[in-house]
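Engineer: Below are the structure tokens for one structure; questions will follow.
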Amino acid sequence: MRKIYMDYSATTPLHPEVIALMTDVMKNVFGNPSSLHSFGREAKKYLDEARQKVADLIGAKFEEIYFTGGGTEADNIAVFGTAYAHRKKGKHIITSAVEHHAVLDSCAKLAKSGFEVTFLPVDQYGMVDPEQVKKEIRSDTILISIMHANNETGTIQPIEEISKIAKEHDVFFHTDCVQSVGKIPVNVDKLGADLITLSSHKIYGPKGVGALYKRKGVRVEPLFYGGGQERKIRSGTENTLGIIGFGKAAEIAVREFDIENTRVKGLRDRLIKGVLEKIPDVRLNGHPEKRLPNNAHFSFAYVEGESLLLSLDMKGIAVSSGSACSSSSLQPSHVLTASGLPQELVHGSVRFTLGRENTEEDVDYVLSVLPGIVERFRSFSPLVGRKTV
Amino acid sequence: MRKIYMDYSATTPLHPEVIALMTDVMKNVFGNPSSLHSFGREAKKYLDEARQKVADLIGAKFEEIYFTGGGTEADNIAVFGTAYAHRKKGKHIITSAVEHHAVLDSCAKLAKSGFEVTFLPVDQYGMVDPEQVKKEIRSDTILISIMHANNETGTIQPIEEISKIAKEHDVFFHTDCVQSVGKIPVNVDKLGADLITLSSHKIYGPKGVGALYKRKGVRVEPLFYGGGQERKIRSGTENTLGIIGFGKAAEIAVREFDIENTRVKGLRDRLIKGVLEKIPDVRLNGHPEKRLPNNAHFSFAYVEGESLLLSLDMKGIAVSSGSACSSSSLQPSHVLTASGLPQELVHGSVRFTLGRENTEEDVDYVLSVLPGIVERFRSFSPLVGRKTV
Amino acid sequence: MYNPTVMDHFENPRNVGEIPDADGIGEVGNLSCGDILKVYVKVVDGKLEDVKYQTFGCGAAVASGSMLTELAKGKTVEEAMKITNNDVAEALNGLPPQKRHCSNLAADALHKALEDWRSKQK
Amino acid sequence: MYNPTVMDHFENPRNVGEIPDADGIGEVGNLSCGDILKVYVKVVDGKLEDVKYQTFGCGAAVASGSMLTELAKGKTVEEAMKITNNDVAEALNGLPPQKRHCSNLAADALHKALEDWRSKQK
Ligand SMILES: Cc1ncc(COP(=O)(O)O)c(C=O)c1O
Ligand SMILES: Cc1ncc(COP(=O)(O)O)c(C=O)c1O
């Protein structure tokens with residue numbers, strides 16, 4: 017059966033060049049980068065190369081990149097690490113209601129242990145208002161954490177404005193760029209953040225590897241302790257193979273930035289146009305323009321998302337959904353809920369995120385299959401005819 | 017130049033079968049195991065297989081294995097996670113002075129945040145006395161953490177006795193089996209531990225992957241938060257490739273246990289015998305019998321370890337040292353210091369740890385090279401002739 | 113995630129739709145958990161001559177509704193009242209644990225429909 | 113870790129050993145940090161006719177001692193007193209940062225040896 021992957025925001029396949037390098041490294045580089053002998057020095061050299069490449073991806077300095085065991089871990093170091101390192105300065109943290117759980121749940125945990133957290137609301141597009149950030153800043157605010165682009169809706173936040181406000185008030189600013197990097201420009205100086213989260217597996221690198229950008233001079237506490245690797249920020253023998261793959265993926269993301277994103281955006285626009293034309297009672301979620309170039313996120317009235325997802329899967333098409341049923345926690349998407357979407361449309365949401373291997377034929381295939389599936393579920397939905405927003 | 021790796025306790029090369037599987041997986045399995053579509057389900061299937069294999073390695077149940085970003089992280093979940101989850105029950109923790117930094121430094125951190133930690137002393141072989149464990153238990157003791165085998169000296173602790181004492185006193189027991197698993201029998205029921213740490217890269221799997229065995233019903237807090245993967249114990253998209261490699265390595269460790277360990281022990285014994293015969297003023301560190309089958313750890317009087325390490329490296333031989341100079345913290349080995357070794361012999365220590373690719377010729381080559389190197393440094397050591405212990 | 117029986121009923125749900133002149137109608141579930149199931153019954157001589165269902169729900173909900181209608185059709189009202197959500201899940205060869213709670217409501221909807229029918233008998 | 117100049121001096125240390133009838137001897141370092149360096153000087157007509165050293169120390173210590181003896185040999189006592197640990201490190205084209213603190217003590221040992229010589233002159 018024809019297989020079409022349109023869930024690139026969940027994870028990506030390894031880029032062929034990443035596979036090639038990792039295959040070589042698996043056979044030829046195995047030392048512990050902390051070892052002084054030739055095997056260790058060789059591994060260290062590869063590690064340093066990868067660090068430089070990830071630094072280059074976001075215009076950072078070599079020594080500002082700290083490798084972690086994934087984006088989740090980097091988010092947590094940014095949130096807990098900043099909070100604990102600066103708790104003498106204050107106990108107030110500002111974040112948004114649409115952050116990834118890695119930020120949201122670490123903030124919630126802090127709120128239970130003596131910190132105070134403001135979860136900013138968002139507008140119908142899932143957008144944070146910088147003015148509101150400014151209003152919420154208090155004298156004891158130590159950290160603002162707002163993601164660059166949302167993993168569900170693809171909405172891009174006004175990060176430059178928010179970071180300017182943070183700087184004016186002398187508050188640390190963290191932004192989760194897991195979804196944005198490689199898809200829209202991410203430059204540490206332009207964004208003006210003190211801390212940035214990256215993850216390898218969203219840019220065609222391996223899973224279980226991430227990085228924290230930490231501007232020189234910003235102090236954070238580690239989440240755990242041990243051999244003091246990554247200059248004490250992330251102890252534990254380095255995932256050399258994964259990091260080397262991440263480095264390669266970063267290099268490719270720079271090189272193919274323009275051509276790939278232009279191409280993918282064209283496909284994505286074709287998909288949105290087709291869906292809105294061919295299917296009635298559909299809503300495009302997220303911001304109409306300020307969104308990631310590969311993201312198309314819809315709510316199909318009267319139909320439940322997991323059912324759509326499974327039916328598409330049976331036709332070989334892989335997507336994700338914000339419905340409660342399709343999440344392991346059985347909670348419907350907090351992002352869509354915060355954006356004011358009515359429950360029914362939250363449960364009826366489907367995310368298409370496109371990438372390297374998608375073609376125009378893929379989009380047309382989806383457009384040939386999707387209307388029938390939606391129609392079929394609507395034919396036995398008890399909600400059809402009831403008022404929805 | 018001939019290259020001989022004798023630093024298998026620092027890290028190991030990937031087993032050829034691990035490379036073969038990972039090469040295949042890199043090309044063919046990439047879904048996010050949390051995704052509901054076929055790509056995700058396929059990844060989940062591989063993840064589950066790996067979990068079963070790691071469970072089988074230590075006689076555990078499938079659902080008692082939690083994958084982590086390495087041994088360090090697993091140690092920290094065991095220490096912090098147990099302490100925080102049970103702080104209402106008590107604030108006292110018992111560990112030993114010779115633990116890996118992942119346990120030692122997390123305990124030290126707890127000692128700074130309201131917990132009380134007893135660091136048990138060890139005898140000249142680096143051995144903990146179970147009687148002393150018993151004596152130190154208080155009514156508010158919540159956790160005992162003693163490693164199975166030491167990463168420096170290879171000394172094997174009397175874990176079964178200690179776990180029995182812990183159980184009698186209703187105290188949680190954690191043991192770090194990173195170095196022991198695959199080299200000596202590790203079975204959760206025989207060891208009787210509530211929590212066990214494993215690491216992939218010490219058994220010919222990839223770096224940056226570990227596992228926590230958590231006996232059913234034992235509660236621990238996670239170190240960080242996010243998507244709730246690994247049943248909330250370790251959030252973050254799973255390092256599928258690494259975990260799959262770990263699973264394969266675990267399978268091989270079971271299969272080759274007898275044959276490899278017998279072979280390696282023979283080589284190790286030949287090395288010890290040769291060194292003690294050919295070089296005067298040498299001390300074998302660690303326990304003479306109760307030690308890992310692949311570990312030979314010496315102190316060469318009058319000579320500094322990093323110099324020996326570098327000289328051996330120039331002859332193609334990779335080893336490690338407990339000298340201050342060869343550690344990134346510039347602290348001499350806490351393990352040897354705790355075992356009562358005089359400073360000079362701590363700085364003059366060299367660890368040979370053997371493994372899969374070593375041969376008898378390797379050992380004989382080391383024995384042909386090492387005496388001359390030691391002799392040469394002694395020829396210009398200002399310490400020769402001074403009293404050493 | 114779902115076993116082949118569930119997938120079969122998901123792909124080819126039996127007895128979907130409305131019974132325009134139904135004798136009883138029952139609806140369960142709510143949008144906050146994401147599943148709604150509505151059952152229509154036609155009762156003739158104390159027997160369920162026809163059973164149909166509509167759902168807004170996940171794979172488990174679609175399959176449970178389908179299986180329920182198969183189990184109920186032809187049964188007497190008394191027999192039908194004895195069908196449990198568990199019976200439906202078992203007939204489906206099991207549902208994933210996280211689905212048992214929220215999506216396995218078809219028998220409840222049937223019972224509601226039968227009570228609706230009953231209330232109209234008086 | 114170490115650059116080629118350091119490695120050369122580590123592999124082939126110059127002027128290692130003792131001067132049995134040395135005019136001055138200086139020793140620095142201690143075992144807790146792991147490096148000990150001992151310098152011997154032979155002073156003739158106010159010049160360092162011979163300089164030798166012994167060390168118990170890491171690669172940086174071995175190389176620093178070696179480079180120091182090369183720098184000091186033939187110099188006047190006054191010139192030799194001006195050699196700094198930094199001069200030694202520079203002559204070696206630099207040492208790793210973590211090694212600068214503990215292992216770069218050769219000039220100190222030389223100065224001690226020259227003070228020892230001086231104290232015997234009175
Ligand atoms: C916005 C965002 N932040 C953080 C993460 C977590 O990164 P990782 O999957 O590497 O743990 C993800 C992806 O899962 C994400 O989309
Ligand atoms: C005894 C022991 N515990 C824990 C660790 C840490 O494991 P990892 O290197 O996977 O972080 C190691 C190895 O470094 C070890 O030898």
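Chains as they are written, first to last, in my numbering: chain W, 17 to 405; chain R, 17 to 405; chain A, 113 to 234; chain F, 113 to 234.
Every residue gets a Cβ at the ideal spot worked out from N, C-alpha and C, and that includes glycine.
Pairing CB atoms from the stretch 371-389 of chain R with CB atoms from the stretch 137-149 of chain A, are three or more of them under 8 Å?
Structural biologist: No: fewer than three Cβ pairs fall under 8 Å.
Engineer: Expressed to the nearest angstrom, what Euclidean distance is found between the alpha-carbon atoms of S215 (chain R) and R67 (chain R)?
Structural biologist: Here residue 215 (chain R) corresponds to residue number 199 of the second sequence, with the count starting at 1. Here residue 67 (chain R) corresponds to residue number 51 of the second sequence, with the count starting at 1. Roughly 13 Å between the two C-alpha positions.
Engineer: Only counting the same chain, and skipping five residues up and downstream in sequence, which positions put a Cβ closer than 7 Å to that of R154 (chain R)?
Structural biologist: In the second sequence, the residue the question calls residue 154 (chain R) occupies position 138. Excluding residues within five positions, the ones whose Cβ falls inside 7 Å are H108.
Engineer: Would you list the residues sitting across from S315 (chain R) in a DSSP beta bridge?
Structural biologist: Numbered from its first residue, the second sequence carries residue 315 (chain R) at position 299. DSSP lists R:R299 and R:S365 as partners of S315 (chain R).
Engineer: So which residues of chain F does S215 (chain R) contact, with C-beta pairs closer than 8 Å?
Structural biologist: Translated into the one-based positions of the second sequence, residue 215 (chain R) becomes position 199. Those do not exist, as S215 (chain R) stays about 25 Å from chain F at its closest Cβ, beyond 8 Å.
Engineer: Flag A36 (chain R) as yes when its Cβ comes closer than 7 Å to any non-hydrogen atom of ligand 2, and as no otherwise.
Structural biologist: Within the second sequence, numbered from 1, the residue matching residue 36 (chain R) stands at position 20. No, the beta carbon of A36 (chain R) sits no closer than 7 Å to any heavy atom of ligand 2.
Engineer: Quick one: grab the DSSP three-state call for E254 (chain W).
Structural biologist: Taking the first sequence and counting its residues from 1, one reaches residue 254 (chain W) at position 238. Reduced to three states, the DSSP call for E254 (chain W) is coil.
Engineer: Distance check for S25 (chain W) and G198 (chain R), CA to CA, integer angstroms please.
Structural biologist: As a working mapping, residue 198 (chain R) is identified with position 182 in the second sequence. As a working mapping, residue 25 (chain W) is identified with position 9 in the first sequence. The alpha-carbon atoms of G198 (chain R) and S25 (chain W) are separated by roughly 38 Å.
Engineer: Does Y141 (chain W) have its Cβ less than 8 Å from a Cβ in chain R?
Structural biologist: What you label residue 141 (chain W) is simply residue 125 of the first sequence in a count that begins at 1. Not one chain R Cβ lies under 8 Å of Y141 (chain W).
Engineer: Within the continuous beta strand (DSSP E) that includes Q210 (chain A), where are the two ends?
Structural biologist: Against the third sequence, residue 210 (chain A) aligns to sequence position 98. No beta strand (DSSP E) holds Q210 (chain A); the alpha helix (DSSP H) holding it covers P209 to R212.
Engineer: With DSSP run on the structure shown, which of helix, strand or coil describes R231 (chain W)?
Structural biologist: The residue given as residue 231 (chain W) occupies position 215 in the first sequence. In this structure, R231 (chain W) counts as coil in the three-state DSSP scheme.
Engineer: Return the CA-CA distance between K194 (chain F) and L217 (chain F), expressed in angstroms with no decimal places.
Structural biologist: For the purposes of this step, residue 194 (chain F) is taken as the residue at position 82 of the fourth sequence. For the purposes of this step, residue 217 (chain F) is taken as the residue at position 105 of the fourth sequence. Distance between the alpha carbons of K194 (chain F) and L217 (chain F): 14 Å.
Engineer: I want to check one thing, is the minimum distance from the CB of G56 (chain R) to the heavy atoms of ligand 2 below 7 Å?
Structural biologist: Position 40 of the second sequence, counted from the start, is the residue given in the question as residue 56 (chain R). Checking the Cβ of G56 (chain R) against ligand 2 gives no.
Engineer: So is the beta-carbon of A175 (chain F) under 7 Å away from any non-hydrogen atom of ligand 1?
Structural biologist: Stepping through the fourth sequence from its first residue, residue 175 (chain F) is reached at position 63. Checking every heavy atom of ligand 1 against the Cβ of A175 (chain F), none is found closer than 7 Å.
Engineer: Pull up the distance between the alpha-carbon of Y100 (chain R) and that of N92 (chain R), whole angstroms please.
Structural biologist: Counting from 1 along the second sequence, the entry for residue 100 (chain R) is found at position 84. Counting from 1 along the second sequence, the entry for residue 92 (chain R) is found at position 76. Going by the C-alpha atoms only, they are around 11 Å apart.
Engineer: Starting from the beta carbon of M163 (chain W), find every residue of chain R whose beta carbon is closer than 9 Å, and list them in chain order.
Structural biologist: The count along the first sequence starts at 1 and reaches residue 163 (chain W) at position 147. The contacting residues do not exist; M163 (chain W) stays about 13 Å from chain R at best.
Engineer: Got a sec, what are the start and stop residues for the alpha helix (DSSP H) K180 (chain W) sits in?
Structural biologist: Here residue 180 (chain W) is taken as the residue at index 164 of the first sequence, counted from 1. Per DSSP, K180 (chain W) belongs to the alpha helix (DSSP H) from I175 to E184.
Engineer: Using a Cβ-Cβ cutoff of 7 Å, what residues of the stretch 158-177 of chain F are near chain R? List them in chain order.
Structural biologist: Residues Q166, T167, F168, G169, C170, G171 and V174.
Engineer: Closer than 7 Å: is that where the CB of M22 (chain R) sits relative to any heavy atom of ligand 1?
Structural biologist: Residue 22 (chain R) sits at position 6 when you count from the first residue of the second sequence. Incorrect: M22 (chain R) has no Cβ contact closer than 7 Å to ligand 1.
Engineer: Just checking, does the stretch 220-235 of chain W make contact with the stretch 250-266 of chain W on the three C-beta pairs under 8 Å criterion?
Structural biologist: Touching, per the Cβ criterion.
Engineer: Are the C-beta of M17 (chain W) and some C-beta of chain A separated by less than 8 Å?
Structural biologist: Here the question's residue 17 (chain W) lines up with position 1 in the first sequence. No - not a single Cβ of chain A is within 8 Å of the one on M17 (chain W).
Engineer: Could you name the residues of the same chain whose beta carbon sits closer than 6 Å to that of V118 (chain A), not counting the 5 residues immediately before and after it, in chain order?
Structural biologist: Residue 118 (chain A) sits at position 6 when you count from the first residue of the third sequence. Closer than 6 Å at the Cβ level, and outside the excluded window around V118 (chain A), lie A175 and L204.
Engineer: Please identify, using Cβ separations under 9 Å, the residues of the stretch 103-115 of chain R that lie next to chain W, in order along the chain.
Structural biologist: Here the close residues number zero.
Engineer: Identify whether D23 (chain R) lies in helix, strand or coil by the three-state DSSP scheme.
Structural biologist: Numbered from 1 along the second sequence, position 7 holds the residue referred to as residue 23 (chain R). Strand at D23 (chain R).
Engineer: Assuming I249 (chain W) contacts L328 (chain W) under a Cβ cut-off of 8 Å, what Cβ separation, rounded to an integer in Å, is found between them?
Structural biologist: Position 233 of the first sequence, counted from the start, is the residue given in the question as residue 249 (chain W). Position 312 of the first sequence, counted from the start, is the residue given in the question as residue 328 (chain W). Not confirmed; about 41 Å, so no contact.
Engineer: So is K150 (chain F) in contact with chain R if we call contact Cβ pairs under 8 Å?
Structural biologist: Counting from one through the fourth sequence, the residue named residue 150 (chain F) turns up at place 38. Yes, K150 (chain F) counts as interfacial toward chain R.
Engineer: So, with DSSP's three-state summary, where would you put Q140 (chain W)?
Structural biologist: Residue numbering aside, residue 140 (chain W) sits at position 124 when the first sequence is read from its first letter. DSSP places Q140 (chain W) in coil when its eight states are reduced to three.
Engineer: For the beta strand (DSSP E) containing F189 (chain R), name the first residue and the last one.
Structural biologist: Taking the first residue of the second sequence as position 1, residue 189 (chain R) is located at position 173. First-last of the beta strand (DSSP E) with F189 (chain R): F188 to D192.
Engineer: Under a three-way DSSP split, which group does K164 (chain F) fall into?
Structural biologist: To locate residue 164 (chain F), count along the fourth sequence from 1; it is residue 52. Of the three classes helix, strand and coil, the one that applies to K164 (chain F) here is strand, per DSSP.
Engineer: Classify R247 (chain R): buried if its beta carbon has 16 or more other beta carbons within 10 angstroms, exposed otherwise.
Structural biologist: Looking up residue 247 (chain R) in the second sequence gives position 231. R247 (chain R) should be labelled exposed.
Engineer: Here's the rule I'm using: 16 or more other beta-carbon atoms within 10 Å means buried, otherwise exposed. How should N142 (chain F) be labelled?
Structural biologist: For this step, residue 142 (chain F) is matched to residue 30 along the fourth sequence. Exposed: under 16 other Cβ atoms inside 10 Å.
Engineer: Could you have a look at R307 (chain R) and say whether DSSP puts it in helix, strand or coil?
Structural biologist: As a first step, residue 307 (chain R) must be located in the second sequence, where it is residue number 291. Correct three-state label for R307 (chain R): strand.
Engineer: With a threshold of 8 Å between beta-carbons, can L386 (chain W) be considered close to chain A, or not?
Structural biologist: Taking the first sequence and counting its residues from 1, one reaches residue 386 (chain W) at position 370. Cβ-Cβ to chain A under 8 Å: no for L386 (chain W).
Engineer: Would V405 (chain W) be called buried (16 or more neighbouring beta carbons within 10 Å of its own) or exposed?
Structural biologist: Within the first sequence, residue 405 (chain W) is the residue found at index 389, counting from 1. With a pLDDT of only 44 at V405 (chain W), under 50, the local geometry of the prediction cannot be trusted, and no value is derived from it.
Engineer: Against G129 (chain A), what residues of chain W qualify as contacts under a CB-to-CB distance less than 7 Å, listed in chain order?
Structural biologist: Translated into the one-based positions of the third sequence, residue 129 (chain A) becomes position 17. Those within 7 Å of G129 (chain A) in chain W are F396.
Engineer: Using the rule of at least 16 other Cβ atoms within 10 Å of the residue's Cβ for burial, across every protein chain shown, is P10 (chain W) buried or exposed?
Structural biologist: With chain W represented from 17 up to 405, any question about residue 10 (chain W) goes unanswered, as that position is not in the structure.
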